Amino acid sequence: MCRRDPTGSGEFVRNKMNLLKRLPPFDPKSGTLNVVIDTPKGCRSKFAYDMKRKAYVLKSVLPQGALFPFDFGSIPGRVADDGDPLDALVLMDEPAFCGCLIESRLVGVIEAEQSEDGKTERNDRLIAVAAKSPTHAEIW
């Protein structure tokens, strides 16, 4: 669902995106891991936040019949060794939406490598469980 800027000035959208940029990696009250969803579960489109444009942009589209099996996002304020935001895969009951903040519990990591133009670099993914997910409540 898209919301129109109630002021007509564009300030509503800018402040919302600035808030995402300023979030801490962990919630100070609950200690849960903050994950901002980039690509929702069940979606063919991969999105990423573009800091210059201050908006989510379409990065790629999976082939027909292929879907992202989980919600994918990033940890605010953290950068991985490859220079991209630190990636997280989030287990939860229903798909989120692009830009949604999910309070999560960190449960593991996938140690991965990615090759591009003959160069291989680490591209690890954190595995997290949505703190409010009844289906995954027993996973710690």
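Everything in the sequence shown is counted per the numbering used here, starting at 25 for the first residue and increasing by one. All residues carry an ideal CB built from backbone N, CA and C; glycine is no exception. Here the structure is a predicted model, which is why all the values come from computation and not from measurement.
- Taking the Cα positions, lysine 78 is about 17 Å away from leucine 125.
- In this structure, DSSP gives arginine 146 an extended state, which the three-state scheme calls strand.
- Rounded to the nearest whole angstrom, the CA to CA distance from alanine 136 to phenylalanine 50 is 24 Å.
- Beta-bridge partners of alanine 72 (DSSP): Val81.
- Taking 8 Å as the cut-off, the Cβ atoms of lysine 83 and alanine 90 do not count as close.
- Shown here for glycine 101: same chain residues with a beta carbon closer than 6 Å to its own, the five before and five after excluded, namely Pro49 in chain order.
- CA-CA distance, arginine 68 to glutamine 138, rounds to 20 Å.
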